Amino acid sequence: MSTDRDDDTPGGPGRGAAGWDADVLIVGDGPVGQTLAILLARRGWSVTVVDRWPQPYTMSRAVAFDSEAARVLAALGLTGYIADETEPSGRYVWQNGDGKVLLDIEGAARGWCHWPDSTSMYQPGLEAALTARGAQLPTLRVLRGHEAVDAADLGDHVELTCVGLDGGRRTLSARWLVGCDGANSFVRDRVGTPMRDLDFAHDFLICDVVLHEERTFDPNNLQICDPARPRTEASAGPGHRRWEFMRLADESVEELNTPDSAWRLLKLFDVTPGNATLLRHAVYTFRSRWAEQWRSGRLLLAGDAAHVMPPFAGQGMCSGIRDAANLSWKLDLVLAGRADEAVLDTYVSERAAHVRHAVRMSVDLGRVICQLDPAAAADRDMAMLAARERGVGRGAPQAPVHPLRDGLLHRADTRGRLTGRLTPQGRVRRDGTTALFDDLIGTGFVLLTTEDPRPRLSQEALRVLDRLDIRTVRVLPATEPTPTPTPTPTDDRVPDAAADATVVDVDATYIPYLTEAGATSVLVRPDFYVFGQADTPEACAALLTDLGRQLEVPALTH
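With the sequence shown counted from 1, adding 44 to any position gets you the numbering used here.
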């Protein structure tokens with residue numbers, strides 16, 4: 045990756061950027077833009093990221109990510125960062141103003157994607173790790189100190205005009221432009237989308253703190269649903285803590301957003317200037333809205349540019365990372381000529397459905413937390429305490445991510461219970477090495493199967509298997525003999541998709557997963573979601589031919 049401010053040195057040419065400055069332009073170098081850029085550059089595409097700030101933003105916004113987001117970050121090459129600079133979030137407890145427990149959630153240390161259900165982190169550290177990873181990719185460059193001021197879709201490409209720190213203007217061209225430029229998105233304005241607003245907005249004073257001495261917090265994350273002032277205490281990664289205090293009706297933003305107000309409120313938690321450093325304080329307005337239109341021609345939106353939500357479900361940044369994971373492989377197919385650009389509409393339909401659920405869930409939680417009326421709060425407490433007596437409210441709440449119901453999924457009368465769902469991840473053994481599935485197999489399409497269906501596949505299905513570089517991975521129970529070694533890649537490329545593999549199900553993750561769903565095979569997309577499942581080789585052939593036909597590329601099916 046090259047990083048510059050006002051020179052014209054391009055990054056590497058990429059696979060298809062002849063005639064343009066890049067294959068893809070991204071506005072915004074936050075975690076979502078960084079993730080998308082790395083995913084595309086790993087596939088060999090030329091990517092230029094434009095950001096108006098001359099230096100990375102040094103203050104934390106998000107403080108955690110979920111198991112799925114961790115899986116995406118690990119696939120980017122950030123396993124070391126997750127191990128060294130984050131910590132499992134642990135328990136999340138809601139209390140009322142009297143200290144009675146309303147809800148007690150014990151996050152699993154090993155979630156569905158192997159990583160913890162929730163991982164706490166200090167966001168500047170995450171962005172630094174993403175920057176370092178991007179620096180290893182020759183076709184990725186970042187232009188900091190460049191503010192996007194105009195964008196035009198010219199049919200076969202886009203042009204983006206930026207103004208540098210010196211006031212000079214420059215125009216960049218690419219095949220696609222993605223706005224990852226936050227809640228006040230310039231690209232969203234160019235898309236011209238209306239916004240759907242759920243009319244849930246509250247101001248909170250955010251205080252990021254470093255304690256001078258180590259302190260044990262039990263629970264590690266605490267939500268106090270006190271009508272006198274709702275407040276939150278949370279881990280913000282090793283050595284960092286986050287406190288949030290709701291602004292009351294008789295307070296102005298100006299009087300709340302002062303060091304004196306911050307220290308006065310932090311004293312409720314025995315946090316004082318004598319035992320802590322206040323890294324920053326700021327009043328944020330938690331909003332709840334999404335864009336009705338995520339795409340206009342060659343312009344697309346992702347992350348906060350497309351949706352914002354209150355932090356109560358911890359899904360803001362996670363939703364943006366899902367956007368990047370979904371969009372990257374579809375852009376890859378379009379850029380490579382393996383799919384018609386209409387496939388990008390499924391990015392919009394799939395992610396918009398997920399986001400609507402996440403925003404609504406966050407708002408529902410917020411309405412419970414932000415209750416200021418003492419009588420209504422007492423009624424809430426009574427209902428939640430009664431539910432807890434019945435055993436409700438002692439586990440995880442409703443999942444923030446629903447299965448995909450529409451989009452690039454197998455079209456069949458009976459889809460099967462796994463279609464549209466996120467695949468689990470466990471350890472497998474391959475060629476004598478035991479590691480996580482993604483680490484040994486890599487990214488891309490995977491046909492995960494207990495029986496090799498290829499001898500009975502149709503010619504059309506075999507062509508799709510070949511043209512889309514779909515790896516067939518046969519999984520064996522741990523009681524089976526160790527399979528014969530197969531070649532593995534020795535460089536940083538995405539592993540050779542033609543190198544089919546046999547793995548042993550060390551953690552008993554995959555065989556029970558398939559068996560319980562009545563499947564012998566699942567076709568897994570590059571974002572780890574199931575395109576479809578099959579119980580016979582003939583049904584497996586139908587999966588593959590359906591995928592090829594939906595991508596609408598004649599070479600795949602003729």
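Idealized CB from N, CA, C, for every residue including glycine.
Since this is a predicted model, take the numbers as computed values, not measurements.
Query, Result
"On the premise that VAL186 lies in contact with VAL93, defined as a C-beta separation below 8 Å, what is that separation, rounded to the nearest angstrom?", "5 Å"
"Are ASP376 and VAL76 touching if we call contact CB-CB under 8 Å?", "no"
"Confirm, please, whether the CB-CB distance from ARG285 to VAL253 is below 8 Å.", "yes"
"With respect to the alpha helix (DSSP H) encompassing ASP367, which residues constitute its N-terminal and C-terminal limits?", "360-379"
"Tell me the residue span of the beta strand (DSSP E) that contains TYR136.", "135-140"
"Measure the alpha-carbon distance for GLY151 versus TRP159 and round it to whole angstroms.", "11 Å"
"What are the boundary residues of the beta strand (DSSP E) that includes GLY410?", "Counting along the chain, GLY410 falls outside any beta strand (DSSP E), though it belongs to the alpha helix (DSSP H) covering 388-413."
"Just to confirm, are SER217 and ASP95 a CB contact at a threshold of 8 Å?", "no"
"Look at LEU29 and TYR391 and say whether their C-beta atoms are less than 8 Å apart.", "A question about residue 29 goes unanswered here, because the residues of the chain that appear run from 45 up to 602."
"Do you know whose CA, among ARG240, ALA195, TYR136, MET361, lies nearest VAL116's CA?", "MET361"
"Among GLY211, ARG188, CYS269, VAL222, which one has its Cα closest to the Cα of GLU203?", "VAL222"
"Which residues mark the beginning and the end of the alpha helix (DSSP H) in which GLN426 is found?", "It should be pointed out that residue 426 corresponds to Met in this sequence rather than to Gln. That run of the alpha helix (DSSP H) goes 418-433."
"For my contact list, VAL490 and LEU588 are in at a C-beta cut-off of 8 Å; report their separation, rounded to the angstrom.", "With 8 Å as the limit, VAL490 and LEU588 do not qualify as a contact, their Cβ atoms being about 12 Å apart."
"What does DSSP give as the partner residue(s) for ASN265 in the beta ladder?", "TYR136"
"Using only the alpha-carbon positions, how far apart do THR163 and THR467 sit?", "19 Å"
"Nearest to ILE413 by CA position, among GLU295, LEU312, THR102, ALA245, is which residue?", "ALA245"
"Exposed or buried, THR215, counting other C-beta atoms within 10 Å across all chains shown (16 or more means buried)?", "exposed"
"Let me check understanding here. Comparing Cα to Cα, which of PHE330, ALA585, VAL193, THR564 lies closest to GLY208?", "VAL193"
"Among residues of its own chain, excluding the 5 on either side of ALA383, which ones have a beta-carbon nearer than 8 Å to its beta-carbon?", "LYS374, LEU377, LEU595, GLU596, VAL597"
"Quick one: using the 10 Å Cβ neighbour count with 16 as the cut-off for buried, is GLU288 buried or exposed?", "buried"
"Suppose you measure from the CA of GLU495 to the CA of ALA585; what does that come to, to the nearest Å?", "13 Å"
"How would you label ARG449, buried or exposed, when you count the other beta carbons within 10 angstroms and need 16 or more for buried?", "exposed"
"With C-beta atoms as the reference, is TRP307 less than 8 Å away from THR321?", "no"
"Pairs of beta-carbons, one from the region 127-139 and one from the region 262-278, closer than 8 Å: are there three or more?", "yes"
"Taking its Cβ as the centre, do 16 or more other Cβ atoms sit within 10 Å of GLY281, making it buried, or is it exposed?", "buried"
"Round the Cβ separation of ALA85 and LEU170 to the nearest angstrom and send it over; I've been treating them as touching at under 8 Å.", "Not really, about 18 Å apart at Cβ, beyond 8 Å."
"From THR493 to TRP220, what does the alpha carbon distance come to, in whole angstroms?", "35 Å"
"Of all the options ALA346, TYR166, THR130, which has the alpha carbon lying nearest to the alpha carbon of GLY226?", "ALA346"
"Report back the beta-carbon spacing between GLN359 and LEU462 to the nearest angstrom; my notes put them in contact at under 8 Å.", "With a Cβ gap of about 23 Å, GLN359 and LEU462 do not count as contacting."
"Helix, strand or coil: which one does DSSP assign to THR307?", "Residue 307 is actually Trp in this sequence, not Thr. It is helical."
"Whose C-beta lies closer than 7 Å to the C-beta of LEU323 among residues of the same chain, with five residues either side of it excluded?", "ASP252, VAL253, VAL254"
"Check the C-beta distance from MET165 over to VAL107 and give it rounded, since I have them as a contact under 8 Å.", "7 Å"
"What number of angstroms, rounded off, separates the C-alpha of LEU604 from the C-alpha of GLU131?", "Within the shown structure, residues of the chain are numbered from 45 to 602, placing residue 604 beyond reach of any answer."
"Taking the beta strand (DSSP E) that VAL71 falls in, what are its first and last residues?", "66-71"
"Would you mind working out which of SER90, GLY74, LEU80, ASN301 sits nearest ASP67, comparing C-alpha positions?", "SER90"
"Look up SER111 in the DSSP assignment and say whether it is helix, strand or coil.", "helix"
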